[in-house]
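Beneath this line is the structure, given in structure tokens, with notes to follow.
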Ligand code: URA
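Residue numbers (the numbering used here): 190 to 379.
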């Protein structure tokens with residue numbers, strides 16, 4: 190429910206449960222449709238996201254938009270969030286304690302979005318949501334099921350910007366994702 194999501198955002202706005210709260214410029218809570226059959230979860234805000242208060246608005250976000258377009262979606266039809274809502278300084282990986290402190294916000298978002306499919310963007314999100322020792326190089330594009338929700342991890346758009354050789358494998362993953370969304374969701378027929 191949009192209102193409930195807004196209420197959750199307001200509760201999250203003053204969060205100081207981990208040290209990232211002290212250095213954030215803007216909270217990067219999440220964006221998109223709720224409820225939605227499909228949810229994308231990234232790692233954490235970068236510099237542009239921290240300035241603008243919205244996930245995936247920097248260079249990686251442009252590539253994410255292209256990836257969504259490839260599968261016939263856009264950010265108005267899905268929900269996008271991150272494992273942590275505040276920027277880790279110098280774009281370092283979020284620390285395990287930071288993800289743990291932030292996890293209940295993500296769990297509450299997932300409960301409101303009620304996705305059938307969760308796409309983890311990169312190793313960090315997959316390690317948090319699919320399995321602690323998730324190996325992105327070996328396990329990207331595979332399906333995992335937990336509590337009736339299907340999970341797939343793909344390479345993080347920033348990794349695809351750094352290393353274009355990963356892109357062909359990602360096209361294959363996105364095709365698989367599109368075919369399962371087509372089969373199991375009503376997003377394409379709306
Ligand atoms: N990278 C992420 O993982 N999340 C964002 O919101 C932006 C870049």
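Where a beta carbon is used, it is the ideal one built from N, C-alpha and C, also for glycine.
Between residue 267 and residue 244, the C-beta spacing is not below 7 Å.
The secondary-structure analysis by DSSP pairs residue 335 across a beta bridge with 338. Counting along the chain, the unbroken beta strand (DSSP E) around residue 310 starts and ends at 306 to 310. Look at residue 268 here: in three-state DSSP terms it is strand.
Taken through DSSP and simplified to helix, strand or coil, residue 205 comes out as coil. Straight-line measurement puts the Cα of residue 330 at about 15 Å from the Cα of residue 230. Collapsing the DSSP output to three states places residue 217 in coil.
Under the DSSP assignment, residue 250 falls in the alpha helix (DSSP H) whose first and last residues are 248 to 259.
In this structure, the CA atom of residue 287 is about 33 Å from the CA atom of residue 259.
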